[in-house]
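This report concerns only the one structure given below.
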Amino acid sequence: MAGTARMRRPWAYALIRTDRSKDLETDRISNLAARLGFELRGILVADSDADFAALFASFELSGITALLAPSVLHMTGWMDVVRHHVDVWTLDPPGRWPRHSTPGVTAAFLPGMGGPR
3 MAGTARMRRP WAYALIRTDR SKDLETDRIS NLAARLGFEL RGILVADSDA
53 DFAALFASFE LSGITALLAP SVLHMTGWMD VVRHHVDVWT LDPPGRWPRH
103 STPGVTAAFL PGMGGPR
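Going by the numbering used here, the sequence shown opens with residue 3, and the numbers climb by one from there.
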């Protein structure tokens, strides 16, 4: 349609650590993305954090605005790093860990499963 601009849904990526969970949980992550209004661009299923640094550093250039994970255990040791790039949404506990927007200022965990912002 001429003159009608279609808004792009915000992009998210998901991370599932197989060494932290016995269930793959891809369906739950996909449902979370849909419920929050994200277009899920990919899911990294990994048994270690070996590829995390390169993945997280690529988020801003690729337009990713959120990382989805089954729980904070999947982010052990990386939560602060990834929050410099994107918001983190978890199923357990359910809610959002906001992106660090101002150096030295960190917003606390925001419980609940509302919209992406």
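Cβ coordinates follow ideal geometry from the N, Cα and C atoms, glycine included. Just so it is clear, the structure is predicted and the values come from calculations on it, not from any experiment.
Determine the burial state of residue i: buried for a count of at least 16 other Cβ atoms within 10 Å of its Cβ, exposed for fewer.
i, result
"Ala-35", "buried"
"Ala-16", "buried"
"Leu-38", "buried"
"Val-90", "buried"
"Arg-10", "exposed"
"Ala-14", "buried"
"Asn-33", "exposed"
"Pro-12", "buried"
"Arg-85", "buried"
With a cut-off of 8 Å on the beta carbons, I'd call residue i and residue j a contact; round off their distance for me.
i, j, result
"Val-83", "Phe-61", "Between Phe-61 and Val-83 the Cβ distance is about 11 Å, and since that is not below 8 Å, they are no contact."
Measure the Cβ-Cβ separation of residue i and residue j and say whether it is below 8 Å.
i, j, result
"Ala-68", "Phe-40", "yes"
"Val-88", "Arg-101", "yes"
"Arg-22", "Leu-93", "no"
"Ile-66", "Ile-45", "no"
"Trp-80", "Phe-54", "yes"
Quick one, which of the options has its alpha-carbon nearest residue i's?
i, options, result
"Ala-48", "Pro-96, Glu-27, Ser-103, Ala-14", "Glu-27"
"Ser-64", "Leu-42, Lys-24, Asp-51", "Leu-42"
"Thr-78", "Asp-51, His-86, Pro-113, Pro-96", "Asp-51"
"Pro-96", "Ser-73, His-86, Ala-56, Arg-85", "Ser-73"
Exercise. Residue ranges of each alpha helix (DSSP H) run of no fewer than 4 residues wholly in the region 50–95, ordered along the chain?
Worked result: 54–64, 81–84, all fully within the region 50–95.
For this session: Note down, one range per segment and in chain order, each alpha helix (DSSP H) of at least 4 residues found wholly within the region 8–39.
Result: Whole alpha helix (DSSP H) segments, 4+ residues: 28–38.
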